[in-house]
Every structure is written in C-alpha cells, then in structure tokens.
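J.: Dropping the structure in here first, questions after.
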Amino acid sequence: MMLPKIAWRNIWRSKVRSFVVIGAVFLGVWAFISMMAITFSVSLGYVDDAIRFQTSHLQIHHPNFGDDKASEFTIDQKLYDQLKETNNTIGITQRTIVTGMVRSSRGARGIIIKGVDPDTETIVSDIHKSLLEGSFLTGTKKNEVVISQEIADKLKLKLRKKLVLQFQDINREIVSASFRVVGIFKTGNNITDLSMLMVNRKDINRLLGQPTAIHEVALLLEDPTTQLLPTQEKLSTAHPNILVENYREISPEVQLYESQIYISVSILMFIFMLALIFGIINTMLMAVLERSRELGMLMAIGMNKIRVFGMIVLETIMLGTIGAPLGMAAGWLTVKYLNKRGLDFSEYSEGTDAFGIKSFLRPELDADIYFILMIAVFVTALLASIYPALRAIKLRPIEAIRKI
Amino acid sequence: MSIISASNIKKTYDPDKIAVHALRGIDLEIKQGEFTAIVGPSGSGKTTLLNIIGGLDRPSEGKIEIANTDISDLSDNELIDFRKDNIGFVFQAYNLIPVLTAKENVEFVMVLQKRSKEERDQRTKELLEAVGLTDKTNKTPSELSGGQQQRVAVARALASKPRFILADEPTANLDSESTAGLLDMMAQLNQEEGVTFVFSTHDQRVIDRARRIVTLVDGKIESDETR
Chain X
11 MMLPKIAWRN IWRSKVRSFV VIGAVFLGVW AFISMMAITF SVSLGYVDDA IRFQTSHLQI
71 HHPNFGDDKA SEFTIDQKLY DQLKETNNTI GITQRTIVTG MVRSSRGARG IIIKGVDPDT
131 ETIVSDIHKS LLEGSFLTGT KKNEVVISQE IADKLKLKLR KKLVLQFQDI NREIVSASFR
191 VVGIFKTGNN ITDLSMLMVN RKDINRLLGQ PTAIHEVALL LEDPTTQLLP TQEKLSTAHP
251 NILVENYREI SPEVQLYESQ IYISVSILMF IFMLALIFGI INTMLMAVLE RSRELGMLMA
311 IGMNKIRVFG MIVLETIMLG TIGAPLGMAA GWLTVKYLNK RGLDFSEYSE GTDAFGIKSF
371 LRPELDADIY FILMIAVFVT ALLASIYPAL RAIKLRPIEA IRKI
Chain R
124 MSIISASNIK KTYDPDKIAV HALRGIDLEI KQGEFTAIVG PSGSGKTTLL NIIGGLDRPS
184 EGKIEIANTD ISDLSDNELI DFRKDNIGFV FQAYNLIPVL TAKENVEFVM VLQKRSKEER
244 DQRTKELLEA VGLTDKTNKT PSELSGGQQQ RVAVARALAS KPRFILADEP TANLDSESTA
304 GLLDMMAQLN QEEGVTFVFS THDQRVIDRA RRIVTLVDGK IESDETR
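Top to bottom, those sequences are chains X and R.
Sequence positions in the first sequence follow our numbering and run 11 to 414.
Sequence positions in the second sequence follow our numbering and run 124 to 350.
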C-alpha cells in the first residue's frame with residue numbers, strides 16, 4: 011500500500027498543476043456527455059420519427075412491388091390475416107400504395123397516395139398525432155384526404171377544400187377523383203411531408219378497381235431492439251413469397267443516422283482522449299523531471315525500476331481519473347435537466363425540418379456511454395503514463411542525485 | 124573480516140573525448156565496525172569512490188567486492204536489489220521522500236524488503252528512538268530541521284540492516300549544533316552497535332571523529348591513517 015500512498019500524495023504536491031489537469035478532465039467529460047446526449051437525441055429523434063411516420067419497424071410487400079410501386083403486385087388478404095397473428099407486435103396495418111398526381115386549382119405535383127384503414131393505421135403510425143388542423147380520416151365519409159402543411163402551401167389548399175387525385179387503375183386507365191381535405195399534418199420532416207398524402211383505403215381500392223388490394227403491410231414491434239431481426243427472419247422463412255424489410259433497409263438514411271451516432275461518439279471520444287493524453291503527459295513529464303533527484307535517491311536506496319514505473323503509472327492514472335466521475339456527475343445532472351426542460355429549436359424549425367430533425371429535443375444518454383467513457387479515461391491515463399514512467403526508469407541514480 | 128574490498132579500482136570519464144581519470148588504481152579494504160572518512164580536496168575522487176563502493180557507479184577497471192560479492196558484474200536491477208539489502212545511504216541532500224512522514228520514511232526500505240508490519244513497526248520505533256526523534260514520528264520532512272532530517276535519513280539507512288552505511292557529505296548543509304548532534308549519534312551507533320560508517324567529507328568535524336582517515340589526491344590514496 012506504500013506505492014499508492016506515495017502516488018496519491020505526490021499528486022497534491024503541486025496543487026495548482028493537479029487541479030488544472032483534474033479541471034480539464036472534469037470539463038472535458040462534462041462537455042462530452044452533454045454533447046453526446048444532444049447528438050443522440052437528434053439522431054434517435056430522426057430515427058424515431060422515421061419509424062413513427064414513415065416506415066414502422068417492418069414492412070411487407072410483394073417481391074415485385076419495388077420502387078415502381080406497380081399496382082398489380084399485391085399481398086393476399088389471407089396472408090394478411092396470417093400476419094396479424096405475429097407475436098410481439100403493438101399493431102399491424104394494411105395499406106394500398108399508388109403513385110399519381112395531386113392537383114388543385116393552383117398547381118399540381120407527383121405524389122404517393124397511401125390508402126389506409128384509420129383504425130389500424132392510428133396504432134401503427136403517429137400521423138394522426140401530428141395534425142395541425144382538422145381531423146384524421148374517419149373511414150365513414152367518402153373521399154376524405156389528409157395532406158401535409160407542405161403540400162397545402164404548395165398547392166394553396168386549406169381545410170375543407172377539394173383536390174383531385176389522378177392515377178392509373180389496375181387496367182392502366184387514368185382515373186381521377188375529387189377528395190376533400192379533412193386534416194392537415196406536419197411531421198417535421200419536409201421530405202416525407204411533400205411526398206405523400208393519406209386517403210381511406212376503401213376509397214382508393216374502389217377507384218383502382220381492386221376492392222381487396224393490399225400493397226403494403228406495416229408492423230410496429232413491442233421491443234425492436236431484440237425483436238426486429240428475429241421477427242423479420244421468422245416472417246421471411248414462414249412466407250418466402252413476400253419481401254419483409256426492416257426500417258433500415260427501407261430507409262437507408264435512417265440506418266445512416268443510427269450508425270453515425272456511434273461514429274460521432276467514436277470520433278469525439280478519440281479527440282477527447284488525444285487532448286487528454288497530451289495534457290497528462292505534459293504534466294507528468296514535468297513532475298518526473300522536477301523529481302529527478304528524488305527518483306534517483308529512491309533507486310539508490312533500493313526501489314527497483316518496476317516499482318518506480320508502477321509509482322509513476324499509478325500517479326498518472328489517479329491524476330487522470332479523479333476528474334472523470336465528477337464530470338460524469340455534472341454531465342448526468344445536465345442531461346437530466348435538459349431532458350426535463352427540453353431544448354427548443356422551434357425558432358429554427360424551417361432549417362431543422364428540412365433535414366428531418368426535431369425542433370424540440372429531450373436529450374438523453376444510455377448508461378453504457380458513461381461506462382465506456384470511464385474506461386476511455388482510464389485507458390487514456392494509462393497510455394499517458396507510459397512515456398513519463400519510461401523517462402523515470404531511465405534515470406541513473408548517480409546522475410539524478412547530482413542534478414542541480 | 125573485510126566487508127568492502129576494492130582492488131585496483133580505476134574510473135575514467137569520457138574515455139573517447141578528453142579522458143578524466145577520477146580514480147587511478149585504488150586498493151582499499153574496510154572491515155566491519157569501522158568509522159572511516161575518505162577525505163581529499165575537490166576533484167580527488169572521493170565521491171566517485173563512494174559511488175563505486177555503493178554500487179551507484181561502475182569502475183572502468185578493477186573489482187569491488189561487498190561481503191564477498193563482486194558487484195562489478197551485477198546488472199542494474201541486481202545492483203538495486205543488492206543495495207536495498209546490503210547498503211545504507213545518507214546523502215548530502217534530498218534524502219527523504221517529501222510526502223512521507225518520518226516513520227514512513229524509515230520503514231520505506233523495509234516495505235521494499237517485504238518485512239511484516241509488526242517487524243516494521245517495531246524496528247521503526249527502535250530506530251527513531253535511537254536517533255532521538257520519537258516525538259517527530261508523524262512529521263513530514265518539511266516540518267523537520269536539516270539535522271533532524273539527516274537523523275531520519277540515518278534511521279532509514281539502518282532500517283534495512285545493511286552491512287554498512289555510506290554517507291556522502293552528510294553534514295554539508297548542517298549548522299554546527301546539528302552536525303555535532305548527528306556525529307554523536309553516528310559515533311554512538313558505531314561504538315555500541317558496531318554499525319560500519321564510511322564517509323566522504325570535507326568537514327573537519329567529521330574528520331576529527333573518524334577513527335580511520337583515507338586521503339585521496341588526484342584519484343590515488345595518498346595516506347591511510349588509523350587512529
């Protein structure tokens with residue numbers, strides 16, 4: 011216990027210098043945790059929104075449905091009934107998907123028309139929760155349509171106004187029909203909002219000439235972390251004639267957002283460790299050089315090189331890791347506060363919406379990150395100790411004792 | 124019986140550039156229980172000789188045996204271990220570990236020797252008593268005077284039960300009163316307990332107390348006088 015005692019006391023020989031290092035570690039850890047929590051909330055918010063408003067966890071299509079979204083490639087109703095028996099789901103819904111045009115008196119644009127069953131759709135997706143005006147589809151009135159605020163602005167549409175949807179039916183004939191706007195929504199992702207609108211499935215199927223057409227089945231799982239891939243595999247194996255995709259496959263940018271979190275964490279952690287290493291090496295080298303005589307004396311009276319090395323390593327690790335728990339505590343408190351209060355970027359919502367980023371964030375951070383960070387700080391201190399410790403054991407006692 | 128046996132010790136610094144012959148063939152035997160001062164003008168080689176005897180430096184030529192062990196052939200790590208168990212050191216300055224108390228400084232070498240806590244505590248108490256510092260057990264070096272620090276250094280040097288103690292100018296930074304006190308203590312340890320002391324010194328007060336005086340001039344023994 012003598013070495014740890016000496017190492018600990020040596021840290022406090024130069025209080026100012028030690029507090030500078032400890033303070034640097036504290037601030038670095040605190041800033042890192044706070045930044046990571048915000049980064050996670052941005053990225054996870056994007057992923058969460060994508061799942062809630064666009065992809066759900068799993069989507070099922072006919073293998074030939076593809077990017078063309080050809081109407082003739084449908085999923086059998088019996089198959090849908092079987093899929094409804096899938097375990098571990100919060101909800102499952104069926105959709106008709108058609109590409110066409112939406113027209114108003116003021117303009118026209120291409121659009122994806124999603125025909126949904128309101129009862130099941132509101133379980134699987136949260137579009138109904140993002141309504142700014144009006145209400146979601148009721149399923150009881152004919153030719154209702156719910157559009158985004160973006161489309162409403164582009165086509166100069168308001169609640170209760172009519173628009174015309176035009177598309178090809180099953181016979182490749184162009185059909186058009188008038189629909190009344192019953193709800194206007196805004197998900198916060200402009201790209202998604204501009205690309206689609208929702209109508210009752212029975213209305214679009216009637217116009218398609220396919221009363222029972224199902225182009226897409228969407229599932230929301232209870233615990234996607236553990237169930238996503240197993241459920242996907244199980245469904246694919248049980249039904250080889252359908253294409254089962256998870257949200258990462260459906261939306262590669264979502265996968266990119268998910269993976270970039272960890273890339274960001276890794277890069278930031280590396281930069282943080284690098285800065286820390288140099289700071290600690292500098293401090294410890296000064297300490298070793300200042301104590302050359304003392305180290306020479308220790309080796310003269312019989313302290314072997316392994317012990318000298320160990321003493322410097324211990325001292326460095328202690329110095330490097332004191333500030334970390336304090337920084338983590340401060341970081342945890344900051345994240346907790348920001349999570350409760352929220353970070354409101356609605357002033358910049360135009361910009362954030364363009365990238366699908368939420369304008370109101372609630373930062374949070376997995377407990378894993380704290381653990382990984384503690385390990386990183388420890389490893390950094392350990393690596394930083396090597397050079398000063400090697401310098402210490404290279405001292406020759408006789409020369410060290412003689413130094414002026 | 125000789126505990127230190129130096130045969131034809133030569134030491135040359137920077138032999139490839141301008142050679143400095145610090146020692147030019149020293150033959151010296153020191154026996155158990157001696158109180159020996161190695162004296163000489165500055166540059167005579169006394170500190171070099173002491174460093175070689177203490178295993179802190181290696182001779183360019185010759186052999187140095189400590190208790191029949193030829194230390195010239197030991198590796199650096201072996202020398203460190205040898206010093207720990209066989210040689211006690213009292214330096215001119217920077218003797219003590221600044222962050223340890225007097226008690227902890229004295230027991231430090233015993234910790235390196237892996238002695239039990241009971242043994243360490245007992246011996247530390249005895250040694251601090253022997254050097255008259257029982258009341259300074261928990262003081263750090265910064266709280267002790269120069270003389271008191273040197274006393275702790277002597278106690279620390281004795282703690283490992285060395286074969287002899289090397290003291291390089293131990294009184295150089297001390298006032299007269301502290302010097303007298305330190306020398307009295309060392310002489311008493313020598314006479315009553317048979318501790319062997321080898322000094323390197325300019326200090327006449329030390330020379331006056333020594334029972335054997337080895338005078339070096341220009342790297343050679345000029346005289347070797349036993350009183």
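Using N, Cα and C, we set each Cβ at its ideal position, and we do this for glycine too.
In the DSSP assignment, find the unbroken alpha helix (DSSP H) run with M309(R) in it and report its ends.
T.: Run containing M309(R): 299-316, per the alpha helix (DSSP H) assignment.
J.: Does the stretch 293-303 of chain X come within contact of the stretch 367-380 of chain X, defined as at least 3 CB pairs closer than 8 Å?
T.: no
J.: My output table needs one value for G168(R): the three-state DSSP class, helix, strand or coil.
T.: The answer is coil: DSSP assigns G168(R) none of H, G, I, E or B.
J.: Taking DSSP as the reference, what is the three-state secondary structure of E197(X)?
T.: What sits at residue 197(X) in the sequence shown is Thr, not Glu. Coil.
J.: Pull up the CB-CB distance for K134(R) and I187(R), whole angstroms please, since I reckon it's below 8 Å.
T.: That pair is no contact at about 11 Å.
J.: Using beta carbons (cut-off 8 Å, strictly below), is P407(X) in contact with chain R?
T.: yes
J.: What is the rounded straight-line gap between the Cα of K343(R) and the Cα of A17(X)?
T.: 44 Å
J.: Once DSSP output is grouped into helix, strand and coil, what is the label at Q215(R)?
T.: coil
J.: Let me confirm a value: G178(R) is counted as buried when at least 16 other C-beta atoms fall within 10 Å, else exposed. Which label applies?
T.: Buried, since its Cβ has 16 or more Cβ neighbours within 10 Å.
J.: For G352(X) and chain R, any beta-carbon pair shorter than 8 Å?
T.: no
J.: Can you list the residues of chain R that R19(X) reaches, using a CB-CB cut of under 8 Å?
T.: V222, L223
J.: Please work out which residues of its chain come closer than 8 Å, Cβ to Cβ, to L306(R), disregarding the five sequence neighbours upstream and downstream, and give them in chain order.
T.: T294, R328, V329, R332
J.: Could you tell me the alpha carbon to alpha carbon distance between V234(R) and I311(X), rounded to whole angstroms?
T.: Distance between the alpha carbons of V234(R) and I311(X): 12 Å.
J.: Using a Cβ-Cβ cut-off of less than 7 Å, give me the residues of the stretch 151-172 of chain R that come near chain X, in sequence order.
T.: none
J.: Distance cutoff 8 Å, beta carbons only. Does R147(R) sit that close to anything in chain X?
T.: no
J.: Could you check what DSSP says for I414(X) in three-state terms: helix, strand or coil?
T.: Unreliable placement is indicated for I414(X), whose pLDDT of 37 sits below 50; no coordinate value is reported for it.
J.: State the start and end residues of the unbroken alpha helix (DSSP H) segment that holds F381(X).
T.: 377-404
J.: Strictly under 8 Å for the Cβ-Cβ distance: is M12(X) near chain R by that measure?
T.: yes
J.: Suppose only complete runs of 3+ residues qualify. What are the beta strand (DSSP E) ranges in the stretch 97-131 of chain X, listed by chain order?
T.: 99-114, 117-126
J.: Taking CB distances under 8 Å as the criterion, tell me whether N256(X) reaches chain R.
T.: no
J.: Just list the residues that DSSP pairs L230(X) with in beta bridges.
T.: G101(X)
J.: Any contact of the stretch 191-203 of chain X with the stretch 212-221 of chain X, i.e. 3+ C-beta pairs under 8 Å?
T.: Judged by pairs of C-beta atoms under 8 Å, the stretch 191-203 of chain X does not touch the stretch 212-221 of chain X, as fewer than three such pairs exist.
J.: If we ignore side chains and look at the alpha-carbon of each, how far apart do N228(R) and L54(X) end up?
T.: 57 Å
J.: Residues of chain X with a CB under 9 Å from the CB of K207(R): which are they?
T.: I311, G312, M313, N314
J.: Could you please tell me which residues of the stretch 223-241 of chain R, in chain order, have their CB closer than 9 Å to any CB of chain X?
T.: L223, E227, E230, F231, V232, V234, L235, Q236
J.: Could you check whether I322(X) and P398(X) sit closer than 8 Å to each other, using their CB atoms as the reference points?
T.: yes
J.: Kindly identify the DSSP beta-bridge partner or partners of S195(R).
T.: Looking at the DSSP assignment, S195(R) forms no beta bridge with any residue, so it has no partner.
J.: Taking 8 Å as the CB-CB limit, is I327(X) close to chain R?
T.: Proximity of I327(X) to chain R, defined by a Cβ-Cβ separation below 8 Å, is not satisfied.
J.: Looking only at its own chain, which residues have a Cβ that is under 6 Å from the Cβ of L253(X), when we skip the five neighbours before and after it?
T.: Short of 6 Å from the beta carbon of L253(X), and not among the five residues preceding or following it, lie these beta carbons of its own chain, in chain order: H71, P73.
J.: Taking I273(R) as the reference, which of N261(R), A290(R), D258(R), I336(R) has the closest Cα?
T.: The sequence given here places Gln at residue 273(R); Ile does not occur at that position. Ranking the options by Cα distance to Q273(R), first place goes to A290(R).
J.: Can you tell me whether S158(X) is buried or exposed, with buried defined as 16 or more other CB within 10 angstroms of its CB?
T.: With 16 or more Cβ atoms within 10 Å of its Cβ, S158(X) is classed as buried.
J.: Do K172(X) and E117(X) count as a contact pair if the criterion is CB distance below 8 Å?
T.: Here the sequence assigns Gly to residue 117(X), which means Glu is not the residue at that position. No, Cβ-Cβ distance for G117(X) and K172(X) is not below 8 Å.
J.: Kindly indicate which residue of I385(X), S188(X), K88(X) has the alpha-carbon position closest to the one of T222(X).
T.: K88(X)
J.: Kindly list, in the order they appear in chain X, the residues whose Cβ is closer than 9 Å to that of N261(R).
T.: None at all; the shortest Cβ gap to chain X is about 14 Å.
J.: Using 8 Å as the Cβ pair cut-off and three pairs as the minimum, do the stretch 176-195 of chain X and the stretch 78-85 of chain X touch?
T.: These segments touch.
J.: Verify the CB distance criterion: does D180(R) have a CB-CB separation below 8 Å to chain X?
T.: yes
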